[in-house]
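Notes follow once the structure below has been shown.
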Amino acid sequence: MTNAAVPVIDRALGAVIGSAVGDALGAPFEFGAEGAFSARFPEPGHGDEMCGGGGWNPGEATDDTQMAVLVAESLPGRLTAVHPRP
(Lines of atoms letter the chains of each structure in order from A and count residues from 1; the text may use other names and numbers.)
(Lines give C-alpha, C1' and ligand atoms only; values in the text may rest on other atoms or scores of the structure.)
Protein backbone atom coordinates (compact mmCIF):
# COMPACT_ATOMS: atom_id res chain seq x y z
CA MET A 1 0.00 0.00 0.00
CA THR A 2 1.39 3.40 -0.92
CA ASN A 3 1.29 6.42 1.36
CA ALA A 4 -1.35 7.98 -0.89
CA ALA A 5 -3.62 4.95 -0.36
CA VAL A 6 -3.53 5.22 3.45
CA PRO A 7 -6.57 7.18 4.68
CA VAL A 8 -5.74 10.62 6.05
CA ILE A 9 -7.27 9.83 9.43
CA ASP A 10 -5.05 6.73 9.77
CA ARG A 11 -1.96 8.77 8.94
CA ALA A 12 -2.92 11.43 11.49
CA LEU A 13 -3.61 8.77 14.13
CA GLY A 14 -0.23 7.15 13.44
CA ALA A 15 1.50 10.50 13.88
CA VAL A 16 -0.21 11.14 17.22
CA ILE A 17 0.54 7.63 18.50
CA GLY A 18 4.19 7.87 17.42
CA SER A 19 4.49 11.24 19.11
CA ALA A 20 2.92 9.88 22.31
CA VAL A 21 5.36 6.96 22.41
CA GLY A 22 8.33 9.28 21.96
CA ASP A 23 6.96 11.64 24.59
CA ALA A 24 6.52 8.80 27.10
CA LEU A 25 10.05 7.53 26.45
CA GLY A 26 11.58 10.98 26.88
CA ALA A 27 9.35 12.30 29.68
CA PRO A 28 11.67 11.25 32.54
CA PHE A 29 14.44 13.33 30.96
CA GLU A 30 12.39 16.43 30.11
CA PHE A 31 14.13 19.56 31.37
CA GLY A 32 17.05 17.44 32.58
CA ALA A 33 20.67 18.39 32.36
CA GLU A 34 22.71 17.52 29.29
CA GLY A 35 24.05 13.98 29.61
CA ALA A 36 21.45 12.94 32.21
CA PHE A 37 20.29 9.98 30.11
CA SER A 38 23.80 8.63 29.53
CA ALA A 39 24.68 9.08 33.19
CA ARG A 40 21.59 7.18 34.31
CA PHE A 41 21.93 4.44 31.69
CA PRO A 42 25.62 3.92 30.87
CA GLU A 43 24.93 0.45 29.41
CA PRO A 44 22.57 -0.36 26.52
CA GLY A 45 19.08 -1.29 27.72
CA HIS A 46 16.64 -3.94 26.66
CA GLY A 47 13.62 -3.47 24.41
CA ASP A 48 11.20 -4.34 27.18
CA GLU A 49 12.31 -1.69 29.68
CA MET A 50 10.66 1.63 30.40
CA CYS A 51 11.69 3.89 33.23
CA GLY A 52 10.01 6.64 35.14
CA GLY A 53 11.51 9.63 36.83
CA GLY A 54 11.34 13.38 37.01
CA GLY A 55 7.79 13.14 38.33
CA TRP A 56 6.65 10.76 35.58
CA ASN A 57 5.57 7.14 35.97
CA PRO A 58 6.95 4.58 33.48
CA GLY A 59 5.10 5.06 30.19
CA GLU A 60 3.35 8.24 31.25
CA ALA A 61 3.16 10.91 28.57
CA THR A 62 3.36 14.64 29.26
CA ASP A 63 1.04 17.53 28.61
CA ASP A 64 2.54 17.67 25.12
CA THR A 65 0.67 14.47 24.27
CA GLN A 66 -2.49 15.70 25.96
CA MET A 67 -2.46 18.80 23.75
CA ALA A 68 -1.73 16.77 20.60
CA VAL A 69 -4.67 14.47 21.37
CA LEU A 70 -6.99 17.46 21.83
CA VAL A 71 -5.90 18.90 18.49
CA ALA A 72 -6.31 15.50 16.82
CA GLU A 73 -9.81 15.11 18.27
CA SER A 74 -10.78 18.41 16.66
CA LEU A 75 -9.68 17.32 13.17
CA PRO A 76 -12.15 14.67 11.95
CA GLY A 77 -14.37 16.19 9.31
CA ARG A 78 -11.88 18.96 8.72
CA LEU A 79 -9.14 16.94 7.02
CA THR A 80 -10.27 15.97 3.57
CA ALA A 81 -7.06 15.62 1.59
CA VAL A 82 -3.32 15.39 1.89
CA HIS A 83 -1.71 18.08 -0.18
CA PRO A 84 1.63 17.14 -1.74
CA ARG A 85 4.56 19.33 -0.86
CA PRO A 86 5.92 21.49 -3.68
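Following this note's numbering, the numbering of the sequence shown begins with 13 at its first residue and continues without gaps.
The beta-carbon is built from N, C-alpha and C at its ideal position, and this holds for glycine as well.
Item: Backbone secondary structure at G67 - three-state DSSP; Value: coil
Item: C-beta atoms of T12 and E42 nearer than 8 Å; Value: Residue 12 lies beyond the residue range present for the chain, which begins at 13 and ends at 98; the question has no answer from this structure.
Item: Top-ranked residue by Cα proximity to A32, from A17, M79 and G89; Value: M79
Item: Beta-carbon separation (whole angstroms), E72 vs A48, contact threshold 8 Å; Value: Contact flag wrong, Cβ pair sits at about 18 Å.
Item: M79 in three-state terms, based on DSSP; Value: helix
Item: Span of the alpha helix (DSSP H) around V18; Value: Taken as a continuous stretch (DSSP letters only), V18 belongs to no alpha helix (DSSP H), as it is neither H nor E.
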